[in-house]
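Quick note: the sequence shown uses this note's numbering, first residue 95, plus one each step. Note that CB positions come from ideal geometry on N, CA and C, so glycine has one too. I have placed the structure first, in the form of structure tokens, so that the comments after it can refer back to it.
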Amino acid sequence: MSVPQDRNETPSVQDARWLLTPEAVRARAEGLLALGLDGGLEHFAVHPDRLGPCADAVVETIRAAYPDLDIPYHARWRHFSVGGFDRWGSLLQAASWEDVAARARAAFDLVIVSVLLDAGAGPTWRYEEGRTGETYARSEGLAVASFDLFISGLFSEAPEDPFRVDARALASLTVADLAQGFQVTPTNPLVGLEGRTALLNRLGQVVAADPDGFGPEARPGGLYDRLAARATDGALPATAILSALLAHLGPIWPGRITLDGVDLGDTWRHSRAGGEGETAGLVPFHKLSQWLAYSLLEPLEEAGLTVTGLDALTGLPEYRNGGLFLDTGVLTLKRPEEASRAHPVESELVVEWRALTVALLDRLAPLVRERLGIGDPADLPLAKVLEGGTWATGRRLARALRPDGTPPLAIASDGTVF
């Protein structure tokens, strides 16, 4: 995605806008991988000869789950169907949206809030679903809980229209509201509850202050109309989705790096990251924003749009994909004792791990396609490799290697990154 030049923008703003692109994510990730391959990283050694066995493990997972290779996108919608129950499909039958656009706005409302709540829940938190009596944990539990909050009308300002998300309702949410909705107790703690609440509060404030991005109704779903208006002959580049998310949701992220007034979101510092000028040493990831971009593909397609250029987006640098490379030996810690303690997200160890994950996913995907006999990357884009795929294999190996299924590295998360 090229960054259009505006002669009224300062060079610093142009640099900031570059950091808000998947090209920047890949460039800085590739730079750190190159260092790793030369043995020049502080924390990790890279073993490219292990990529083949890693690909074999991913293919094993794919063939078991999708023997026909009909793999969906890596998206929040998968979690809404956990336990074999199509919650969104059931809601479609119960709701009475007036047209395709209204349904798309509601889908955007739901998935934006749910993805922003989808940071690591911690190893002990559980959610018991009232409609099925089933209990879920981690991402699935967060998805079902957020879906239940959505249909309860907690996020709506209109009692007669509960299936929506309004800025004012988000801005007024309290920790107690989310604690009750997520069934948090002293014996059922949820990691980062305060951080999640603050993130939704800021989302409400940002949506209310940005009618250009979110429309006159001041709801996250208004972003659908902005994206639909950017389509040409019914086609919308995937990078346009990410660009809109980063531009309009950037201010929600807490106390992070800014460049000439531009919030850089999920961007961190690493002393060996390279670069020039004010971008030197900055490593962008935009994990939740890209996860959200992937999760908006289906509502856009169901509204009749075609999303193009999916592989311009990057792999997701989170602990299941990153754990996959550690658990298959593609990555090893130079100091194994570092696995015994939790690391803050801003630490150079975590920045290295995440950058290596992005770059290695780009190398792993072709190996997976080759083993599956798929020649055209468009037939198995990265969004499906992740789902089929690397994320599921990372979780499978974690459960096989550690009784509680935790990742091989522990992250001290505030509920807004992992």
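Three-state secondary structure assigned by DSSP to residue i
i           : result
residue 222 : strand
residue 362 : strand
residue 98  : Low confidence applies to residue 98: its pLDDT is 44, below 50, so where it sits in the model is not reliable, and the reading given next is rough at best. Three-state DSSP puts residue 98 in coil, outside helix and strand.
residue 278 : coil
residue 346 : helix
residue 367 : coil
residue 213 : coil
residue 353 : strand
residue 475 : coil
residue 505 : strand
residue 139 : strand
residue 451 : helix
residue 437 : strand
residue 115 : coil
residue 105 : helix
residue 152 : helix
residue 495 : helix
residue 427 : strand
residue 314 : helix
residue 480 : helix
Within 8 angstroms, strictly: CB atoms of residue i and residue j
i           : j           : result
residue 294 : residue 267 : yes
residue 152 : residue 483 : yes
residue 362 : residue 259 : no
residue 327 : residue 345 : no
residue 463 : residue 471 : yes
residue 480 : residue 137 : no
residue 339 : residue 383 : yes
residue 298 : residue 262 : yes
residue 335 : residue 390 : yes
residue 209 : residue 385 : yes
residue 219 : residue 280 : no
residue 410 : residue 503 : no
residue 155 : residue 490 : yes
residue 248 : residue 300 : no
residue 265 : residue 303 : no
residue 359 : residue 347 : yes
From the options, residue whose alpha carbon lies closest to that of residue i
i           : options            : result
residue 436 : 158, 216, 482      : 216
residue 272 : 335, 207, 313, 323 : 207
residue 112 : 312, 430, 378      : 378
residue 353 : 420, 371, 343      : 371
residue 442 : 192, 173, 505, 459 : 505
residue 170 : 321, 387, 324      : 387
residue 407 : 491, 476, 303      : 476
residue 126 : 486, 162, 369      : 369
residue 286 : 214, 223, 324      : 214
residue 341 : 308, 366, 132, 424 : 308
residue 397 : 315, 150, 485, 198 : 198
residue 160 : 411, 486, 501, 304 : 486
Assigned exposure category for residue i - 16 Cβ within 10 Å defines buried
i           : result
residue 203 : buried
residue 77  : Residue coverage of the chain in this structure runs from 95 to 512, which leaves residue 77 outside it and unanswerable.
residue 96  : For residue 96, the pLDDT reaches just 40, beneath the cut-off of 50, and the residue's location in the model is therefore unreliable, although a value from the coordinates is still provided. That one is exposed.
residue 254 : exposed
residue 473 : exposed
residue 493 : exposed
residue 164 : exposed
residue 234 : buried
residue 458 : buried
residue 109 : buried
residue 180 : exposed
residue 212 : buried
residue 399 : buried
residue 314 : buried
residue 498 : exposed
residue 333 : buried
residue 374 : exposed
Discussion item. Would you call the stretch 186-193 in contact with the stretch 138-145, where contact means no fewer than 3 C-beta pairs closer than 8 angstroms?
Written reply: no
Fill in: Given 8 angstroms, three or more beta-carbon pairs between the stretch 401-416 and the stretch 451-458
yes
Worksheet item: Would you say the stretch 424-438 touches the stretch 240-254, given that touching needs at least three Cβ pairs under 8 angstroms?
Response: no
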